[in-house]
Amino acid sequence: MKPASYLLLGAALLGLSSTTQAQQLSGAGASFPAPLYQRWGVEYNKVNPGVQVNYQSVGSGAGVKNFTAGIVDFGASDAAMSDAEIAKVANGVVMIPATAGEVVYAYNLPGVKSLNLPREAMAGIYLGTITKWNDPVIAKANEGVTLPDLPIQVASRSDGSGTTYIFTQHLSAISKEFADKIGTDKSVTFPVGVGGKGNDGVTALIKQSPGAIGYVEYGYAKLNGLAMANLENKAGKFIAPGGESGAATLANVVMPENLRVWPVDPEGAGDYPIASFTWLLLYKKYDDAAKLKALKDFVTYGLTTGQGFADELGYIPLPAPVVDKAKAALATIE
Amino acid sequence: MPENNPDSRAIAEVRVGPDLFHVLCWVASAAAVATLGWIVYEIVSGAWPAIQKFGFGFLTSSSWVPNRENFGVFPFIVGTAVSSLIAILLAFPLGLAIAIFLSENFLPLPVRQFVRFVIEMLAAIPSVVYGLWGIFVVIPIIKAFGDWAVVHLKGIPLFEGPAYGNSMLTASVVLALMILPTLTAISRNALTAVPKTLREGAYALGATRWEAILGVILPTAAPGVVAATILALGRAMGETMAVAMLIGNSSRLSWSLLSPGGTLAGLLANQFGEADGLQVNSLMFAALILVVITLFVNVAGELVLRYTQNQTAGIR
Numbered sequence: 618m619k620p621a622s623y624l625l626l627g628a629a630l631l632g633l634s635s636t637t638q639a640q641q642l643s644g645a646g647a648s649f650p651a652p653l654y655q656r657w658g659v660e661y662n663k664v665n666p667g668v669q670v671n672y673q674s675v676g677s678g679a680g681v682k683n684f685t686a687g688i689v690d691f692g693a694s695d696a697a698m699s700d701a702e703i704a705k706v707a708n709g710v711v712m713i714p715a716t717a718g719e720v721v722y723a724y725n726l727p728g729v730k731s732l733n734l735p736r737e738a739m740a741g742i743y744l745g746t747i748t749k750w751n752d753p754v755i756a757k758a759n760e761g762v763t764l765p766d767l768p769i770q771v772a773s774r775s776d777g778s779g780t781t782y783i784f785t786q787h788l789s790a791i792s793k794e795f796a797d798k799i800g801t802d803k804s805v806t807f808p809v810g811v812g813g814k815g816n817d818g819v820t821a822l823i824k825q826s827p828g829a830i831g832y833v834e835y836g837y838a839k840l841n842g843l844a845m846a847n848l849e850n851k852a853g854k855f856i857a858p859g860g861e862s863g864a865a866t867l868a869n870v871v872m873p874e875n876l877r878v879w880p881v882d883p884e885g886a887g888d889y890p891i892a893s894f895t896w897l898l899l900y901k902k903y904d905d906a907a908k909l910k911a912l913k914d915f916v917t918y919g920l921t922t923g924q925g926f927a928d929e930l931g932y933i934p935l936p937a938p939v940v941d942k943a944k945a946a947l948a949t950i951e
Numbered sequence: 368m369p370e371n372n373p374d375s376r377a378i379a380e381v382r383v384g385p386d387l388f389h390v391l392c393w394v395a396s397a398a399a400v401a402t403l404g405w406i407v408y409e410i411v412s413g414a415w416p417a418i419q420k421f422g423f424g425f426l427t428s429s430s431w432v433p434n435r436e437n438f439g440v441f442p443f444i445v446g447t448a449v450s451s452l453i454a455i456l457l458a459f460p461l462g463l464a465i466a467i468f469l470s471e472n473f474l475p476l477p478v479r480q481f482v483r484f485v486i487e488m489l490a491a492i493p494s495v496v497y498g499l500w501g502i503f504v505v506i507p508i509i510k511a512f513g514d515w516a517v518v519h520l521k522g523i524p525l526f527e528g529p530a531y532g533n534s535m536l537t538a539s540v541v542l543a544l545m546i547l548p549t550l551t552a553i554s555r556n557a558l559t560a561v562p563k564t565l566r567e568g569a570y571a572l573g574a575t576r577w578e579a580i581l582g583v584i585l586p587t588a589a590p591g592v593v594a595a596t597i598l599a600l601g602r603a604m605g606e607t608m609a610v611a612m613l614i615g616n617s618s619r620l621s622w623s624l625l626s627p628g629g630t631l632a633g634l635l636a637n638q639f640g641e642a643d644g645l646q647v648n649s650l651m652f653a654a655l656i657l658v659v660i661t662l663f664v665n666v667a668g669e670l671v672l673r674y675t676q677n678q679t680a681g682i683r
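Sequences listed follow chains W and X, in order. Under the numbering used here, residues 618 to 951 are what the first sequence spells out, in order. Under the numbering used here, residues 368 to 683 are what the second sequence spells out, in order.
This is how it looks when you write it as structure tokens:
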């Protein structure tokens with residue numbers, strides 16, 4: 618090797634060692650907000666190159682497990698954490714709502730541009746009691762639309778997911794039969810239909826079969842150009858999914874002390890019925906002061922500037938009162 | 368003539384003290400056995416709460432309802448068996464035919480080597496790519512076939528409607544393609560290993576080419592072909608990603624091949640990430656069952672292999 622190349626090598630090593638000195642923050646959890654958190658990480662690194670955020674989209678359940686085991690600096694979950702789960706974390710838990718999303722009924726009906734789904738149909742389709750598109754229950758809510766005499770091909774998530782949790786939670790709230798027969802969980806067993814793996818799996822199912830319907834996240838449906846149904850809310854209005862109707866739902870939510878709340882069946886006339894926050898999970902106490910500062914700065918960035926990326930990625934920006942409460946909760950961390 | 372070679376003496380002189388190579392081999396094989404033991408131990412201990420709670424009923428119950436803590440894997444055991452058996456039924460005649468074709472001189476050698484290379488390349492395609500290919504290519508074909516079959520093959524329970532794209536049949540067809548290279552490569556090796564003298568003997572007795580293939584070469588190569596089939600069956604049973612993407616992941620039992628189904632491996636891939644509590648234990652139990660089934664298949668394969676080897680030992 619020539620002296621010049623030694624110099625180059627030395628410079629490269631120096632460069633390497635200086636990047637390893639950057640504060641690393643590792644997080645793991647829900648896949649639903651992953652694109653947003655990862656975007657925050659990239660954008661925040663541009664503003665503050667001293668901090669590198671590595672968020673792994675491993676699923677809410679695995680996120681809570683990793684967080685409880687203490688192998689990540691922060692976790693993330695669509696189902697927050699239950700009190701029993703929180704009790705297992707020695708350092709205590711602060712749950713910060715970080716963004717929110719909607720779950721939509723996406724469908725594939727050639728020629729049907731707009732579809733209203735009454736509550737009875739929303740539950741009935743997944744209970745297997747409504748099996749045809751021209752069922753009177755659906756037809757009554759869609760006057761002037763010619764619904765085909767097609768069987769409804771029901772698609773659901775086969776993998777455990779926060780999306781299923783939010784979806785089944787709402788259906789359990791609006792239909793007693795659904796609550797009794799199926800119930801709420803991250804993975805449930807539907808009596809009808811086909812299971813696709815992940816949002817992309819369900820999207821493929823919907824796209825490929827005329828007559829199909831399935832639930833996916835709003836951002837995903839928007840990105841893939843899927844037709845989305847207008848859902849009947851508690852006030853009896855049919856509401857299209859979107860940033861505005863989602864924001865209306867969130868604005869009406871009353872935040873409790875621990876910031877864990879679901880608008881299970883929102884009451885406002887303009888509220889989109891199936892929306893939910895998703896949470897960042899932080900410890901109440903961190904031993905490493907430098908890490909704590911980096912983490913606080915990063916989360917604050919996410920709660921403020923970071924909300925600006927929400928809309929383009931298909932999430933609902935947090936309402937201002939929620940941001941204030943989240944910041945207050947963040948301040949309690951030591 | 369090693370005595371005349373000074374190098375070999377030098378090597379012999381170096382070999383004093385413990386045989387390092389021997390020790391190394393011993394440790395490597397012991398580690399492999401120990402790892403298997405460890406895996407089984409971990410699975411059993413993880414599954415223990417579910418084993419205690421459900422016992423044998425876990426295998427015969429058809430309800431898998433995570434939020435009601437009600438677990439049974441009968442539909443998934445059936446799905447695993449059915450999907451891999453159909454895959455073998457589709458792949459065996461095809462794979463064997465290709466193997467015969469490649470081991471005979473129907474075509475010039477370069478062409479045969481090209482075909483062989485392409486088929487072995489199929490084994491190099493990642494599972495998830497098969498899954499994607501299945502979604503975009505196989506599903507529309509099977510769906511079209513299914514819609515036709517529901518009307519024209521009415522009355523046959525195997526083709527009862529409604530026809531789904533993500534179905535047992537779709538998963539089986541893609542599985543068949545995935546195990547084809549295994550089946551073909553090992554069968555071909557067995558066929559080419561048949562001694563030339565046997566083939567020449569058959570021709571000398573006046574056999575035609577087909578008589579020689581069917582009467583002499585295939586029976587002689589049978590142990591290898593059986594081994595190939597069993598290995599392929601094992602691969603089909605354990606295949607996860609492509610199946611999870613294509614089979615429709617339903618725990619409902621149905622006679623129809625056009626209905627969605629589920630397999631043990633697919634169930635694990637789908638639910639492990641978000642599972643907690645008893646669901647994890649039950650998934651471990653399901654994993655244990657999958658291990659036992661594949662072990663059983665391999666042991667059965669080994670026995671069949673030995674039996675057929677003894678049967679054909681005389682003609683080798």
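For glycine and all other residues, C-beta sits at the position ideal for the given N, C-alpha and C. Computed from a prediction, not measured in an experiment: that's the story for all the values here.
Three or more pairs of CB atoms, one per stretch, sit closer than 8 angstroms, so the region 843-857 of chain W contacts the region 723-739 of chain W. Where Ile713 (chain W) is concerned, there is no enclosing alpha helix (DSSP H), although the beta strand (DSSP E) around it starts and stops at 710-725. Per DSSP, the unbroken alpha helix (DSSP H) holding Trp405 (chain X) starts and ends at 387-421.
Straight-line spacing of the CA atoms in Leu469 (chain X) and Ile584 (chain X) works out to 13 angstroms. Checking the DSSP bridge columns, you'll see Glu834 (chain W) partnered with W:Val720.
If only uninterrupted beta strand (DSSP E) runs of at least 3 residues are considered, those enclosed by the region 889-940 of chain W are 892-900.
The DSSP-derived three-state label of Arg774 (chain W) is strand.
The alpha carbon of Ala821 (chain W) has as its nearest neighbour, out of W:Arg774, W:Val939, W:Leu898, the alpha carbon of W:Arg774. If you check the CB distance, Leu624 (chain X) and Ser534 (chain X) come in under 8 angstroms. Listed in chain order, the non-local C-beta contacts of Thr447 (chain X) below 6 angstroms within the same chain comprise Met604, Thr630, Leu631, local neighbours out to five positions each way being set aside.
By a beta-carbon distance limit of 8 angstroms, Ile856 (chain W) does not contact Val711 (chain W). Their separation comes to about 33 angstroms.
A residue is called buried once 16 or more other Cβ atoms fall within 10 Å of its Cβ, and Tyr654 (chain W) is buried on that count. By the rule that beta-carbons nearer than 8 angstroms mark a contact, Val432 (chain X) touches chain W.
For the region 674-694 of chain W, the residues whose beta carbon sits under 7 angstroms from a beta carbon of chain X are, in order, Val675, Gly676, Ser677, Gly678, Ala679.
Spanning the alpha carbons of Trp500 (chain X) and Ile508 (chain X) requires a straight line of approximately 12 angstroms.
Taking C-beta separations shorter than 8 angstroms and ignoring five residues to either side along the sequence, the partners of Ala609 (chain X) in its chain run Ser494, Val495, Tyr497, Gly498, Gly501, Ala538, Val541, Leu542, Met545, following chain order.
Remark: C-beta atoms of Ala647 (chain W) and Gly680 (chain W) approach each other more closely than 8 angstroms. At a cut-off of 8 angstroms, the C-beta of Pro529 (chain X) has a neighbouring C-beta in chain W. Between the C-alpha atoms of Phe684 (chain W) and Ala707 (chain W) there is a straight-line separation of about 11 angstroms. Residues of the region 650-674 of chain W with a C-beta atom less than 7 angstroms from some C-beta of chain X do not occur. Under DSSP, the beta-bridge partners assigned to Ile856 (chain W) are W:Leu848. Under the Cβ criterion (8 angstroms, minimum of three pairs), the region 872-880 of chain W does not count as touching the region 899-917 of chain W. Neighbours of Gln825 (chain W) across chain X, judged by C-beta separation under 7 angstroms: Ile506, Pro507, Gly532.
Taking a C-beta cut-off of 7 angstroms against chain W, the contacting residues of the region 614-640 of chain X are Gly615, Asn616, Ser617, Ser618, Pro627, Asn637, Gln638, Gly640, listed in chain order. Boundaries of the beta strand (DSSP E) harbouring Phe691 (chain W): 691-694, taken from the DSSP string. Against chain X, a Cβ distance below 7 angstroms from Lys803 (chain W) picks out Glu641. Among the CB atoms of chain W, one or more fall inside 8 angstroms of the CB of Ile502 (chain X). One Cα belongs to Tyr672 (chain W), the other to Ala458 (chain X), and the distance between them is close to 43 angstroms. Judged by DSSP in its simplified three-state form, Gly812 (chain W) adopts strand.
Per DSSP, Tyr672 (chain W) lies in no alpha helix (DSSP H) segment; the continuous beta strand (DSSP E) that holds it begins and ends at 668-674. Beta-bridge partners assigned by DSSP to Asn733 (chain W): W:Asn847. Phe784 (chain W) and Glu702 (chain W) have their C-alpha atoms some 22 angstroms from each other. Here Ser428 (chain X) is near Phe441 (chain X), since their CB atoms are less than 8 angstroms apart.
For Lys521 (chain X), no chain W residue has a C-beta closer than 8 angstroms to its own C-beta; the minimum C-beta separation is roughly 16 angstroms. Listed along chain W are Gly800, each with a C-beta nearer than 8 angstroms to that of Arg435 (chain X).
Judged by their CB atoms, Trp622 (chain X) and Leu474 (chain X) are not nearer to each other than the 8 angstroms cut-off.
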